[in-house]
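For reference, the structure is listed below as structure tokens.
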Amino acid sequence: MTTHTADSSNYDFRIAKVPQQQHATGTSRNVPLLRQEYPRYVATTYGYIDGMYPIINEHQLAFGESTCGAKLWAKPATQGGKALFDITELARIALERTRTAREAIQLMGDLAVQYGYYGAEWEGDAVYSEAGETLTVT
350 MTTHTADSSN YDFRIAKVPQ QQHATGTSRN VPLLRQEYPR YVATTYGYID
400 GMYPIINEHQ LAFGESTCGA KLWAKPATQG GKALFDITEL ARIALERTRT
450 AREAIQLMGD LAVQYGYYGA EWEGDAVYSE AGETLTVT
């Protein structure tokens with residue numbers, strides 16, 4: 350079992366089913382709010398259940414997430430930094446493309462290295478208590 354909690358009153362907590370999709374070779378995968386070098390879609394993506402954070406795909410790969418403290422942090426590209434991905438989009442892409450926790454972790458790490466990763470906070474004192482992410486991947 351894996352769980353997730355979010356302690357905010359302004360999130361959208363609805364759950365949606367994202368169906369399996371087919372894409373032409375080289376089609377860009379949009380990362381919301383960013384318009385730069387997008388990662389490419391794979392030919393076929395897996396369907397998954399999505400919420401405020403992605404939940405589980407058709408192969409039973411599931412995520413639970415919690416923010417945590419961090420010593421290192423980065424700004425997103427939209428805020429003058431260079432990082433393209435937060436944990437939400439990394440996990441969505443992992444659910445679209447992978448079947449196992451091992452594959453998901455490898456893909457997320459590769460994408461974070463290639464395109465950059467930013468945490469939940471990137472300015473002020475909250476960086477030290479909220480800029481990291483903790484995941485359960487099952």
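When the letters of the sequence shown are read in order and numbered with the working numbering, they come out as residues 350 to 487.
In this text, a Cβ means the ideal position worked out from N, Cα and C, and glycines have one as well.
Note that this is a predicted model, so its numbers are computed, not measured.
1) Express the C-alpha separation of L456 and A443 in angstroms, rounding to a whole number.
2) Buried or exposed: P368, going by 16 or more other Cβ atoms within 10 Å of its Cβ?
3) So, with DSSP's three-state summary, where would you put Q428?
4) Where does the unbroken beta strand (DSSP E) through D399 begin, and where does it stop?
5) In angstroms, rounded to a whole number, what distance separates the CA positions of T394 and F412?
6) Just verifying my parser: in three-state terms, what is the DSSP assignment at T374?
7) Do V486 and A450 have their beta-carbon atoms positioned less than 7 Å apart in this structure?
8) Helix or strand or just coil, what does DSSP make of E438?
By the coordinates alone:
1) 7 Å
2) exposed
3) helix
4) Y397 to D399
5) 17 Å
6) coil
7) yes
8) helix
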